[in-house]
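When we follow the numbering used here, the leftmost residue of the sequence shown carries the number 65, and every step to the right adds one.
Note that the Cβ used here is the ideal one computed from N, Cα and C, for glycine as well.
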Amino acid sequence: MNKGINPVIEVRHICKSYGTVKALQDVSLSIQQGELFGLIGPDGAGKSTLFRILTTLLNADSGEASVIGYDVHNDFRCIRSEIGYMPGRFSLYQDLTVEENLNFFATIFQTTVAEHYDQIREIYEQIAPFRKRRTGALSGGMKQKLALCCALIHSPKVLFLDEPTTGVDPVSRKEFWMILDRLLNRGITIMVSTPFMDEARKCDRIAFLHEGKIRGTDTPAIILEQFKDILCPPGLERNRTEDSQTPVIKVNNLVKRFGTFTAVDHISFEVRKGEIFGFLGANGAGKTTAMRILCGLSLPTEGHAEVMGYNVITQSEDIKRHIGYMSQKFSLYEDLTVWENVRLFGGIYRVPSKEIPKQTEAMLYRIGLYEERNTLVRALPLGWKQRLAFSVAIFHRPQLVFLDEPTGGVDPATRRQFWKLIYQAAEQGITLFVTTHYMDEAEYCDRISIMVDGHIRALDTPTALKAHFHAQNMDEVFQMLAREAKRRND
C-alpha cells in the first residue's frame, strides 16, 4: 500500500537518563502514515523508554517528539485518545474476565464495545467463546489477542506494540502478525519492537537501537546485514559426547486433570543423564503443567513418574532439593542485591554457609557480574538477570536443571551467550530439561518432544524430526504439529 508523505511519528534529538544511566541519547527518527516500523536492539537499549515517551507516559529530558502532529508533552490528552498501546507485559487485569477487561478499556476511552465492534470483530470472535473466563486463566496467545482488542477498542490511528509476542508460541505469533497486516490495510500506522528477527523482516523499515543510540534506520535486509553480529549471530557448535543411557527422568502414562479438563493426557518418555532435552508445545499444550509435576510442584491425577529416582507423588520434597529450576520470571528477588540473591538461594539449597561466600565470588567472576554484586537485581538488564538466574539455579551443583522458557524476550546475541552457559553445564554432566518458543534453540537440543493437546505428538533428535516431516528447520516441524491442535483455550 502507498505510505503517507507526512510523518505520523517524529522524534528529534530525544535524550532520557535515569540517574547516571543514559537510556536514550540524541535519538531521532521519522515514521510515515500507514507504515509498519520496527524497533530492535539488545536488552537495555532504550526501546521501552522510547515507547513510553511517545505514548506520553514519560517525559524526555530534552528533545522533541510528536505523534499525529501533537506534541507529546503539551498535547498528551489529544495523543492518548488517538493511539493504542500494548506494553511489554500484558496490560490486562488478570482477575477480570475477557468481557470485563474489554468493557473497562472501552470506558476509559469514553466509548462502548458496540460502537467500535467492527474494529475488533475479526480478532474478538476468536476469544468470544471464553468471554466469561478470567484473563489470568487464558493462554499467552489468547491474552495477546485480548490485549490487542483492548488497544483497538477506540479505533486508534497509531498502534504502539512493545514486544507483543514475547512468551507466545510460533503459531500464535504468526497469527498475530497476520492480524497486523490486516490492520495496516485499514490505514493504521504501527510501531513495534521485537526480539524475533523473523518478525523484524516483516516491517517496512527498522531502526537498530543500541546503548541508547540509533545506529541505523533502513529496510530490514540492510540493517540485519549491517549489524548481523548482534542481530543474526551464527549458530552454536557443540562437541557432543555419547549420551548415557541411564534415565534421570522416567514418565509413564502421566495424567493431570483440572476438573473435567485434561491438561496432560497419558504421556510417557524418558530423559537420559547428561542430555539437553527440549520440551516443546504451543501455549496451552500442557508442557508447563507436566514440568510442574516433574519439579515436585504439582501432583499428577494418574500415572507414574520418577525424577532422579524419586517418586513425584511420595517424594516431591526430595525432588525439589536435588534439582535446579529457572522459571519464566527468573525466580530472583528484585529488591535484593545480586550478592543477597545468591546468598539466599545458597541457603535455600542447603549449601554449607561457610562455602557460600567463596562459591559466590567465583561464580560472579565467571559470569561477569562481580562488579555488580551490590546492585539491586531490578536495576540489571534482562540478559544479566537471566545469566544470574541460571547460575543461581545450578549454584548447589544439581545433576538436573529445569529451564522454563529462560530466554523469553531476550535478543539473539544474548540468547546465544545464554546457550553457551547451557552447553558448559552439559559438559559438566548436568542434564538440562528446557522449554522454549525459539525454534533456533530447539536445534541446540539433543532430543525434542513436541506436545499437542496434552499428548506427546513427536519425540526424537532435531535431525530425525526434520527428516521425518520433510522440513527444512524445526520451525516448520513445530508449525505442522501445532496446527493439529483442537484446543486453543487452555
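Alpha-carbon spacing of Gly299 relative to Arg480, whole angstroms: Against the sequence shown, residue 299 aligns to sequence position 235. Against the sequence shown, residue 480 aligns to sequence position 416. In a straight line, the C-alpha of Gly299 is about 8 Å away from that of Arg480.
Where Tyr82 falls: helix, strand or coil (DSSP): As a first step, residue 82 is located in the sequence shown; it is residue number 18 there, counting from the start. Strand, per DSSP.
Whole-angstrom distance between Gln543 and Asn553, CA atom to CA atom: Stepping through the sequence shown from its first residue, residue 553 is reached at position 489. Stepping through the sequence shown from its first residue, residue 543 is reached at position 479. With a pLDDT of only 44 at Asn553, under 50, the local geometry of the prediction cannot be trusted, and no value is derived from it.
Rounded C-alpha distance that separates Ile340 from Tyr389: In the sequence shown, the residue the question calls residue 340 occupies position 276. In the sequence shown, the residue the question calls residue 389 occupies position 325. Ile340 and Tyr389: Cα-Cα distance of roughly 14 Å.
Gly83 to His368 span [Cα, whole Å]: For the purposes of this step, residue 83 is identified with residue 19 of the sequence shown, where counting begins at 1. For the purposes of this step, residue 368 is identified with residue 304 of the sequence shown, where counting begins at 1. Those two C-alpha atoms are separated by around 54 Å.
Contact set for Asn167: own chain, Cβ-Cβ below 7 Å, skip 5 residues either direction: By 1-based counting over the sequence shown, the position of residue 167 is 103. Beyond the five residues adjoining it in sequence on each side, Asn167 comes within less than 7 Å, by CB distance, of Val177 in the same chain, given in chain order.
Segment limits, beta strand (DSSP E) that includes Asn316: Here residue 316 corresponds to residue number 252 of the sequence shown, with the count starting at 1. Run containing Asn316: Pro311 to Phe322, per the beta strand (DSSP E) assignment.
Span separating the alpha-carbon of Gln309 from that of Val335: On the sequence shown, residue 309 is found 245 positions in, with the first residue counted as 1. On the sequence shown, residue 335 is found 271 positions in, with the first residue counted as 1. When rounded, the distance between both Cα atoms is 9 Å.
Cβ-based neighbour list, Leu318, same chain, cut-off 8 Å, excluding 5 preceding and 5 following: Working through the sequence shown from its first residue, we reach residue 318 at position 254. Within the same chain, Leu318 has close Cβ partners Val328, His330, Ile331, Ser332, Ala354, Ile357, Pro364, Glu366, Gly367, His368 and Ala369.
Close-in-space but distant-in-sequence residues of the same chain around Asn70 (CB under 7 Å, 5 per side omitted): What you label residue 70 is simply residue 6 of the sequence shown in a count that begins at 1. Gln97, listed in sequence order.
DSSP state of Ala535 mapped onto helix, strand, coil: Here residue 535 is taken as the residue at index 471 of the sequence shown, counted from 1. Three-state DSSP puts Ala535 in coil, outside helix and strand.
Own chain partners of Pro470 with C-beta closer than 6 Å, once the 5 adjacent residues on each side are dropped: To locate residue 470, count along the sequence shown from 1; it is residue 406. Within the same chain, Pro470 has close Cβ partners Met390.
According to DSSP, residues forming a beta bridge with Tyr374: Here residue 374 refers to the residue found at position 310 when the sequence shown is read from its first residue. Val371, per the DSSP bridge assignment.
For Gly105 and His274, believed in contact at Cβ under 8 Å, the rounded distance: Taking the sequence shown and counting its residues from 1, one reaches residue 274 at position 210. Taking the sequence shown and counting its residues from 1, one reaches residue 105 at position 41. With 8 Å as the limit, His274 and Gly105 qualify as a contact, their Cβ atoms being about 5 Å apart.
Under the three-state DSSP convention, the category Asn553 falls into: Your numbering for residue 553 matches position 489 in the sequence shown. Any reading at Asn553 must be qualified, since the residue scores a pLDDT of 44, below 50, and its modelled position is unreliable; the value itself is stated next. Note: Asn553 maps to coil in three-state DSSP.
Chain-order list of residues whose beta-carbon lies under 7 Å from that of Lys86 (same chain, five-residue window excluded): On the sequence shown, position 22 is the one that residue 86 refers to. Closer than 7 Å at the Cβ level, and outside the excluded window around Lys86, lie Gly276.
Alpha helix (DSSP H) segment containing Glu186, residue limits: As a first step, residue 186 must be located in the sequence shown, where it is residue number 122. For Glu186, the enclosing alpha helix (DSSP H) has its first and last residue at Tyr181 to Ile191.
Alpha carbon of Glu128 to alpha carbon of Asp139, nearest angstrom: The residue you call residue 128 lines up with position 64 of the sequence shown. The residue you call residue 139 lines up with position 75 of the sequence shown. If you take the alpha carbons of Glu128 and Asp139, they lie about 12 Å apart.
Same chain, Cβ closer than 6 Å to Lys80, neighbours up to 5 away in sequence not counted: Start at 1 with the first residue of the sequence shown, and residue 80 comes out as number 16. Listed in chain order, the non-local C-beta contacts of Lys80 below 6 Å within the same chain comprise Ala87, Leu88, Thr113, Ala124 and Asp125, local neighbours out to five positions each way being set aside.
Where Asp135 falls: helix, strand or coil (DSSP): Working through the sequence shown from its first residue, we reach residue 135 at position 71. Here Asp135 sits in strand by DSSP.
As assigned by DSSP and simplified to three states, the class of Thr230: Along the sequence shown, one-based indexing puts residue 230 at 166. Coil, per DSSP.
Collapsed DSSP secondary structure at Asn66 in the structure displayed: Here residue 66 refers to the residue found at position 2 of the sequence shown. In this prediction, Asn66 has a pLDDT of 47, which is less than 50 and means its spatial position is unreliable; what the coordinates show is noted afterwards. Three-state result, Asn66: coil.
Three or more C-beta pairs below 8 Å linking the region 341 to 349 and the region 396 to 408: no
Candidates Asp510, Leu103, Leu529 and Tyr508, of which the one nearest Leu295 by Cα: Numbered from its first residue, the sequence shown carries residue 295 at position 231. Minimum Cα distance to Leu295 is reached at Leu103.
Spatial distance of Asn66 from Leu529 (CA atoms): Locating residue 66 in the sequence shown gives position 2, counting from the first residue. Locating residue 529 in the sequence shown gives position 465, counting from the first residue. The predicted position of Asn66 is uncertain, since its pLDDT is 47 and thus under 50; a value taken from the coordinates is nonetheless stated next. The straight-line gap from Cα to Cα measures roughly 42 Å.
The region 156 to 172 / the region 242 to 256 touching (three or more Cβ pairs under 8 Å): Between the region 156 to 172 and the region 242 to 256, the count of Cβ pairs shorter than 8 Å is below three; the stretches do not touch.
Residues near Thr283 in its chain [Cβ-Cβ closer than 7 Å; skip 5 each side]: Stepping through the sequence shown from its first residue, residue 283 is reached at position 219. These residues qualify, in order along the chain: Arg269.
Nearest-angstrom Cβ-Cβ length linking Ile512 and Arg521, presumed shorter than 8 Å: Counting from 1 along the sequence shown, the entry for residue 512 is found at position 448. Counting from 1 along the sequence shown, the entry for residue 521 is found at position 457. Not quite, the Cβ-Cβ distance comes to about 11 Å (not below 8 Å), so this is no contact.
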